[in-house]
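Scroll down for the structure; my scribbles are underneath it.
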Amino acid sequence: MIHRLGDPGALRAACGDDDLVVWTAQDLRGQARAWALRQAVVAAAPGIARHDRLAVWGDPDDAAELVRHALAELGPTYRPLGERELMRRVAARLEGVRESGAFSWMSLQGPPRARTGQAGAPPLDAAPLDTGPPPVVGWLDGDAEQEITALLAGDAPSSYAVPGAAGVRRWAGVRVGRELAAVAADAWSAPSVGLLAGVATAARFRGRGLAERVCGWMSSQLVATHGRAALMVDDVNAAAIKVYERIGYRRRLVLACHVAG
Numbered sequence: 182m183i184h185r186l187g188d189p190g191a192l193r194a195a196c197g198d199d200d201l202v203v204w205t206a207q208d209l210r211g212q213a214r215a216w217a218l219r220q221a222v223v224a225a226a227p228g229i230a231r232h233d234r235l236a237v238w239g240d241p242d243d244a245a246e247l248v249r250h251a252l253a254e255l256g257p258t259y260r261p262l263g264e265r266e267l268m269r270r271v272a273a274r275l276e277g278v279r280e281s282g283a284f285s286w287m288s289l290q291g292p293p294r295a296r297t298g299q300a301g302a303p304p305l306d307a308a309p310l311d312t313g314p315p316p317v318v319g320w321l322d323g324d325a326e327q328e329i330t331a332l333l334a335g336d337a338p339s340s341y342a343v344p345g346a347a348g349v350r351r352w353a354g355v356r357v358g359r360e361l362a363a364v365a366a367d368a369w370s371a372p373s374v375g376l377l378a379g380v381a382t383a384a385r386f387r388g389r390g391l392a393e394r395v396c397g398w399m400s401s402q403l404v405a406t407h408g409r410a411a412l413m414v415d416d417v418n419a420a421a422i423k424v425y426e427r428i429g430y431r432r433r434l435v436l437a438c439h440v441a442g
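Okay, here's the thing in structure tokens:
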């Protein structure tokens, strides 16, 4: 029998504390909901990372039944997502549910690795900007919103996180001289999973480790606040994936689906 999960602790226990499900559930606040059936769990929340999302975990047969139930209650705007093979099997069981796109979910369960990264990886300070001290990462105040917006528009126009968007909480960045060179956002974080988003580096400052510096610093802030951190990244963005892996993020291949029509 399908039963509604009303407690974040019960949700974490039911899904093995899966960070994608826990993040999507947003601690079951507001309009977020979750259900369990035998060996499967789904969790849903509206408007996180620009979409109404429905995270899926567990046995494909049980999960398909839960997705059918959740979509009937929530409506067709919700996008089921989960580990790639699971979602392919779920979509094959549900009429009208189609694959949308594959990407990677990456999570960090503890403090970031040392800034020099793994053996064989170049240190962050490779190709230094000048002979002075390395740039310092810090929180950006509201006066920097126009600069962040301009940097994203020019160098990361597909970013889901932008200043002023619902759920985008705060920005960190690094300056070279007075110029904003790289940024990242704390956006759509759940109480027990912080989300890193809005990562961008101005084109003329790329290749100097600034994005890694900002992401490492932001990741440490998210882990300190939420216990763990996560992010979403396109599979084709190999350079970014390598940066996140050096920081300590672990990658999972995921698939998002949609309701056709």
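Under my numbering, think of the first position of the sequence shown as 182, with each following residue one higher. Backbone N, C-alpha and C fix where the C-beta goes; we use that ideal spot for every residue, glycine too.
Asked: Buried versus exposed call for P139 [16 or more other C-beta atoms within 10 Å across all chains shown]; Found: One cannot answer for residue 139 here, as it falls past the ends of the chain, which runs 182 to 442.
Asked: V248 versus A411 - alpha carbon distance; Found: 23 Å
Asked: Sequence ranges, alpha helix (DSSP H) only - wholly within the segment 303 to 380, length at least 4; Found: 326 to 336
Asked: Beta-carbon proximity check, L436 vs R265, cutoff 7 Å; Found: yes
Asked: Cβ shell of I183 (< 8 Å), same chain only, five flanking positions each side left out; Found: W216, A217, L218, E246, L247 and H250
Asked: Top-ranked residue by Cα proximity to D208, from W369, G263 and S340; Found: W369
Asked: Residue nearest to A405 in terms of C-alpha spacing, selected from R385, L376 and R389; Found: L376
Asked: Beta strand (DSSP E) segment containing V203, residue limits; Found: Counting along the chain, V203 falls outside any beta strand (DSSP E), though it belongs to the alpha helix (DSSP H) covering D200 to A206.
Asked: Sequence-distant residues of its chain with Cβ nearer than 8 Å to V124 (five each side left out); Found: Since the first and last residues shown for the chain are 182 and 442, residue 124 lies out of range.
Asked: Length at least 3, wholly inside the segment 390 to 442: the beta strand (DSSP E) runs in chain order; Found: 410 to 414 and 431 to 440
Asked: DSSP state of M287 mapped onto helix, strand, coil; Found: strand
Asked: Neighbour-count burial assignment, Q212, 16 or more Cβ in a 10 Å radius; Found: exposed
Asked: Distance, N418 Cα to A441 Cα; Found: 28 Å
Asked: Assigned secondary structure, A225 (DSSP; H/G/I helix, E/B strand, else coil); Found: strand
Asked: Exposure of L161, with buried meaning 16 or more beta-carbon neighbours within 10 Å; Found: Any question about residue 161 goes unanswered here, given that the chain covers just 182 to 442.
Asked: Same chain, Cβ closer than 8 Å to V414, neighbours up to 5 away in sequence not counted; Found: F284, S285, M287, A421, I422 and Y425
Asked: Selection from R389, G239, V317 and G379 that minimises the alpha carbon distance to R351; Found: G379
Asked: Cβ neighbour criterion (16 or more within 10 Å) applied to P189; Found: buried
Asked: Terminal residues of the beta strand (DSSP E) in which L247 lies; Found: Careful: L247 lies outside any beta strand (DSSP E), inside the alpha helix (DSSP H) at P241 to L255.
Asked: Element boundaries [alpha helix (DSSP H), containing R193]; Found: P189 to A195
Asked: CA nearest to the CA of R356, picked from V349, A383 and P293; Found: A383
Asked: Alpha-carbon spacing of L192 relative to A226, whole angstroms; Found: 14 Å
Asked: Whole-angstrom distance between D336 and T330, CA atom to CA atom; Found: 10 Å
Asked: Rounded Cβ spacing between A452 and V222 (contact assumed at less than 8 Å); Found: Since the displayed the chain opens at 182 and closes at 442, residue 452 lies outside it and no answer follows.
Asked: Sub-7 Å separation of W204 and A347 beta-carbons; Found: no
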